Amino acid sequence: MRDKLNLPEELLLLILDDDTGRERASLVSYLSAGAALAEFALEERVAVTGEDRKQRYELVDPSRPDHPYLAAVLDVMNDRGFSKSPQSLVSAVGGKGRLLEHLRSALVDKGILRRERKKALGLFSYTVYPLADRAAEEAVKARIKMTITSEGEVSPRDAVLITLVKHAGILHRTFGRDLIGERKRRIKEITQGEHLATSATHAAIAAVQAALIAATTASTVAATSG
Numbered sequence: 001m002r003d004k005l006n007l008p009e010e011l012l013l014l015i016l017d018d019d020t021g022r023e024r025a026s027l028v029s030y031l032s033a034g035a036a037l038a039e040f041a042l043e044e045r046v047a048v049t050g051e052d053r054k055q056r057y058e059l060v061d062p063s064r065p066d067h068p069y070l071a072a073v074l075d076v077m078n079d080r081g082f083s084k085s086p087q088s089l090v091s092a093v094g095g096k097g098r099l100l101e102h103l104r105s106a107l108v109d110k111g112i113l114r115r116e117r118k119k120a121l122g123l124f125s126y127t128v129y130p131l132a133d134r135a136a137e138e139a140v141k142a143r144i145k146m147t148i149t150s151e152g153e154v155s156p157r158d159a160v161l162i163t164l165v166k167h168a169g170i171l172h173r174t175f176g177r178d179l180i181g182e183r184k185r186r187i188k189e190i191t192q193g194e195h196l197a198t199s200a201t202h203a204a205i206a207a208v209q210a211a212l213i214a215a216t217t218a219s220t221v222a223a224t225s226g
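For the sequence shown, the tail end lands on 226 under UniProt numbering, and the numbers increase by one without skipping.
Okay, here's the thing in structure tokens:
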């Protein structure tokens, strides 16, 4: 039986093009960082104190995660120092794009992705990660589609994932423009957290909001520098 996927893994599967193995969104390292921090919150490894701009994450469970990407993320956060704002922690992790290799490699090891070397112009080598086994991604898509098309309760995990996928700009490419257009109100409710109430889920949503701010800031800085 395949291991359950964590939020960063599910997000990356939806972002990657199934056939080419290339990312269909920008600033993936920041969105993945937000997904990782949300995963920590849902696992109650971290908690949020304070409100609004005074929000801070506190480390509750310092044990090292088994997953290599989550372990690497926690290392960066420990180096950065906890009792920091969600945005500063996400920015610190997102700025280290090389950490994504841990995430890709974990999915390769699980047999979900495969690693392929390519050459651009016959000179420059690069790596892509097309799907090797579609079952895991199809299960994620089916779950998210059911959440979007129903009117029932929304799990915190699904709310976080839908919010990140929406910000990545791939909701319509993943589920079709017609469906997303028809369920616009439902998606708005989900991404605004109207279904969420517990402290752990609030911490997860704070992580997502931090990821969106950090990603937007990084994009603006890159555009200005260019």
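From the three backbone atoms N, C-alpha and C, an ideal C-beta is built for every residue, glycine too. Note that the coordinates shown come from a computational prediction; the quantities given were computed from them, not determined experimentally.
DSSP beta-bridge partners of K119
For K119, DSSP records a beta bridge to S125.
Is V128 near E116, with beta carbons less than 7 Å apart?
Closer than 7 Å, so yes.
Looking only at its own chain, which residues have a Cβ that is under 6 Å from the Cβ of F40, when we skip the five neighbours before and after it?
Excluding positions up to five away in sequence, the list reads V46.
Please list, in chain order, all residues of the same chain as A25 whose beta carbon is under 8 Å from its beta carbon, the five residues on each side excluded.
Here the set comprises I15, L31, A168, G169, I170.
Please report the residue range of the beta strand (DSSP E) in which A47 lies.
In the DSSP annotation of this structure, the continuous segment of the beta strand (DSSP E) that includes A47 starts and ends at 46-49.
Would you kindly check if the distance between the Cβ of G34 and the Cβ of V73 is under 7 Å?
Contact flag unset, no.
Three-way DSSP call (helix, strand, coil) for L59 in this model
In this structure, L59 counts as strand in the three-state DSSP scheme.
When A207, A215, T216 are compared against Q55, the one with the closest alpha-carbon
Residue A207 is the option with its Cα nearest to Q55.
Proximity below 7 Å, CB of A38 to CB of V160:
Contact flag set, yes.
Residue ranges of each alpha helix (DSSP H) within the region 137-186, 4 or longer:
The qualifying runs are 156-168, 171-175, 177-182.
If you check the beta carbons only, do residue 233 and A210 fall under 7 Å apart?
What is shown of the chain runs 1 to 226, which leaves residue 233 out entirely.
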